[in-house]
Amino acid sequence: MKKIKTQLIGAGVLLSVLFFLTGCPNESKPSTPPKQYTVKFEAGAGGTLTAKTGGGNSITSGEQIYEGTKIIFTANPDSGKKVDKWEGLTAAAGTKTVTLTVTGNADVKVSFKEAQKYTITFSADPSAGGTVTAKRKDNGDPIHSGSQVYEGTEIMFTATPSTAGDGYYILRWTGKGLKVSPDKQTAELTVKNNTEIKVKFLEHLVENVNWDAEGQLEDINGNKKDFRLVINDGGKYFSFFDKVAGTSVFANMDYDENSKTVQLLNPFGKGSITFISMPQTLPAEWEISLSGVEIKGTGTSHILKLKDGTVKVNVTFSDNTIR
């Protein structure tokens with residue numbers, strides 16, 4: 003019995019030693035922390051260079067940045083300068099913003115050079131129709147027509163119609179590279195070359211002209227929609243009404259200077275209605291035909307209708323002039 007007890011004690015000691023040496027089989031090993039690298043950056047004469055992580059945190063040159071982090075570099079040229087080239091990463095010449103993914107130590111540099119000047123001219127057509135002004139977007143300094151402006155400068159233009167007579171409205175802007183606001187009141191330009199900008203103003207129709215039309219137009223599914231169209235106060239205001247719903251609907255109006263027509267786009271989906279600008283002096287009897295439209299009249303009143311007869315417009319003039 004004494005021998006057996008000694009053997010059991012020895013086996014227990016051996017198992018304890020083995021457990022201590024091997025440790026708990028479910029215990030995980032500590033993970034290796036991500037590597038960090040030094041990121042340096044600087045700008046040459048003529049501008050500055052800033053950097054931030056993809057998360058939006060600004061960093062300074064010489065910081066230790068974790069591997070895999072995305073860094074966005076932004077070059078900011080001084081007035082009269084533009085980005086020339088980058089060193090320490092791959093980027094096209096002239097690029098202002100570049101992204102780098104950290105895979106090792108980085109040393110980024112950007113250089114600048116003289117920006118070219120271009121002539122910017124702008125005007126109102128006709129000059130009596132309104133005014134056009136311009137200013138720099140960054141500091142609000144005014145720019146005069148014919149000025150020499152550095153390449154890359156962002157300019158904000160503002161058009162103001164004249165209120166003389168029956169008043170004017172903005173028809174359109176012309177000029178390469180312009181971004182015109184939806185209400186046509188302003189436009190923006192980033193200078194890249196010599197640019198001529200014009201704003202076309204149109205005078206409202208004379209006050210004594212009123213249009214009133216009823217008919218049908220097709221919606222996007224080809225279904226007929228009953229409508230009523232009212233244009234009054236010399237063409238300053240016009241309204242489309244859905245006769246069944248009893249509500250007004252929005253419609254776009256466009257003026258074609260070459261054909262002297264005003265086109266109202268169908269707000270329900272398909273087609274349009276086109277009106278012609280009458281001669282300044284109406285003859286005693288006259289008839290004018292357009293694409294899909296007939297205009298007939300005697301003296302100072304007339305009827306406008308689509309050739310299929312679905313739209314009739316009665317117009318009466320208190321004199322014989324209409325523009």
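With the working numbering, letter number 132 in the sequence shown gets 134, and the count goes up by one each step, no holes. We put the CB at the ideal spot given by N, CA and C, even for glycine.
{"query": "Complete runs of the beta strand (DSSP E) confined to the region 117 to 155 [at least 3 residues]", "result": "119 to 127, 132 to 138, 149 to 152"}
{"query": "Nearest-angstrom Cα separation, counted from T162 out to T97", "result": "36 Å"}
{"query": "Three-state secondary structure (DSSP) of E69", "result": "coil"}
{"query": "Rounded straight-line distance, which links the Cα of V134 to that of F159", "result": "7 Å"}
{"query": "Whether A117 touches G90 by CB criterion (7 Å)", "result": "no"}
{"query": "Whole-angstrom distance between Y152 and R138, CA atom to CA atom", "result": "11 Å"}
{"query": "Backbone CA spacing between W175 and I122 [nearest angstrom]", "result": "15 Å"}
{"query": "Cβ contact (3+ pairs, closer than 8 Å) linking the region 61 to 69 and the region 33 to 53", "result": "yes"}
{"query": "Residue span of the beta strand (DSSP E) that contains G49, given as start and end", "result": "49 to 55"}
{"query": "Residue from V100, K194, I172 whose Cα sits closest to the Cα of K186", "result": "I172"}
{"query": "Inter-residue CB distance, V100 and W88 (contact presumed, cutoff 8 Å)", "result": "6 Å"}
{"query": "Proximity winner among S60, Q150, S113, relative to F124 (alpha-carbon distances)", "result": "Q150"}
{"query": "P411 - partner residues in DSSP beta bridges", "result": "Given that the chain is displayed from residue 3 to residue 325, the structure contains no residue 411 and the question cannot be resolved."}
{"query": "Cα-Cα separation between F114 and I74, rounded to whole angstroms", "result": "18 Å"}
{"query": "Identified DSSP bridge partners for D109", "result": "K42"}
{"query": "Distance CB(I199)-CB(G179) smaller than 7 Å", "result": "no"}
{"query": "Where A126 falls, given that 16 or more other Cβ within 10 Å makes a residue buried", "result": "buried"}
{"query": "As assigned by DSSP and simplified to three states, the class of N223", "result": "coil"}
{"query": "Status (buried if at least 16 other CB within 10 Å, exposed otherwise) for P79", "result": "buried"}
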